[in-house]
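Undergrad:
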Amino acid sequence: AQKITQTQPGMFVQEKEAVTLDCTYDTSDQSYGLFWYKQPSSGEMIFLIYQGSYDEQNATEGRYSLNFQKARKSANLVISASQLGDSAMYFCAMREGLGSGNTGKLIFGQGTTLQVKP
Amino acid sequence: AAGVIQSPRHLIKEKRETATLKCYPIPRHDTVYWYQQGPGQDPQFLISFYEKMQSDKGSIPDRFSAQQFSDYHSELNMSSLELGDSALYFCASSPHAAREGVRGTQYFGPGTRLTVL
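Just so you know, the sequences run in chain order A and B.
The first sequence: position 24 = 124 (my numbering), numbered continuously.
The second sequence: position 65 = 229 (my numbering), numbered continuously.
This is how it looks when you write it as C-alpha cells:
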C-alpha cells in the first residue's frame, strides 16, 4: 500500500534562510506523482509544486524546489529565502498512476508545521 | 483564475441532523474529489467523481452520500451527524487523470468547516 511519511512535526527557520522539509514515500507503482501543499492557519490547501516519477530534473517553482531522490524514495521540499508568510503546515502527497484500480486520489503525509522567525 | 468554490464556508449542526456541502469545480475540470480533515490531522480521501459517475470511494461512512451533477458541481450529503464528523471538508477538482496522468494537479477549495454540537 502506498504511504507518505513526514518525520518532522515542526520546524523553525530564520527569515531569509533556506529550509528543507522531508518527505519519504512508499509505492510499488512505477508511475506516480508527488505534490506539496501549503495550509496556512486560515485552512485553505494551496498547491505548491509537483514532481513526476519519470521527471529527470528536480521541479522548481519560484522559491520552491523539490529534491527528488527516486532510489531513496524521498521528495524533500526546499524553500529558499524564507518569508514570514511561509509559516504554515506543509503536506507532502502522492498520487499513483491509473491502473490497478487507482483513480487519482491523493494520499497525504502527516504534515510539517513550519514557523519562520523574524 | 477561477478557483474551486465551496459552500457554505462554515456550518454548525446538532447531533443527528443532516448537512449538505456544495462544491463547484474549476471550469473544464471534470473530476471532483472530497476529503475530510479532522483537527490536527492530514486530509483523508472520501469519494471522487468523474463525468458524474462515482470513480472511487475511500473511508466514507454509510451515512454520507455524494453525487456530481450535469454542470459538474458536486454535493456531499451527511445524515445522522455525530460529534466525530466535526472537521474541515475539502473539495478538489482536476482534469481527469486519463488525460493528465499523474500530473493532474488537484486544486482545493477553501473548505467547509463543519461543527457538530
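We put the beta carbon where it would ideally sit given N, CA and C, even for glycine.
(1) Using the beta-carbon of each residue, which ones in chain A are nearer than 8 Å to residue 207 (chain B)?
(2) Looking at C-alpha atoms only, which residue of A:114, A:109, A:150, A:107 is the closest neighbour of residue 180 (chain A)?
(3) With H, G and I counted as helix, E and B as strand and the rest as coil, what does DSSP make of residue 133 (chain A)?
(4) Could you say if the region 201-216 of chain A and the region 161-174 of chain A meet the contact criterion of at least three C-beta pairs nearer than 8 Å?
(5) When the Cα atoms are used, what is the spatial distance from residue 185 (chain B) to residue 276 (chain B)?
(6) Quick check: the Cα distance between residue 120 (chain A) and residue 185 (chain A), rounded to an integer number of angstroms?
(7) Among B:234, B:165, B:171, B:182, whose alpha-carbon lies nearest the alpha-carbon of residue 120 (chain B)?
(8) When Cβ atoms are compared, which residues of the region 168-197 of chain A fall closer than 8 Å to chain B?
(9) Do residue 209 (chain A) and residue 139 (chain A) have their C-beta atoms closer together than 9 Å?
(10) For residue 212 (chain B), tell me which candidate among B:178, B:245, B:229 has the shortest Cα-Cα distance.
(11) For residue 164 (chain A), return the contacting residues in chain B, with the cut-off set at a CB-CB distance below 7 Å.
(12) Put residue 173 (chain B) into one of helix, strand or coil per three-state DSSP.
(13) Select from A:145, A:143, A:152, A:176 the residue whose C-alpha is nearest the C-alpha of residue 196 (chain A).
(14) Just to check my reading of the structure: residue 232 (chain B) and residue 196 (chain B) have Cβ atoms closer than 8 Å, yes? What is that Cβ distance to the nearest angstrom?
(15) If contacts are defined as beta-carbon pairs under 8 Å, then residue 104 (chain A) and residue 125 (chain A) qualify, I think. What distance do you get, rounded to the angstrom?
TA: Concretely, from the data shown:
(1) 145, 191, 206, 208
(2) A:114
(3) strand
(4) no
(5) 7 Å
(6) 16 Å
(7) The shown model of chain B, from 165 to 281, leaves out residue 120 (chain B), and the question about it has no answer.
(8) 191, 195, 196, 197
(9) no
(10) B:229
(11) Neighbours of residue 164 (chain A) on chain B: none; closest Cβ ~14 Å, over 7 Å.
(12) coil
(13) A:152
(14) 6 Å
(15) 5 Å
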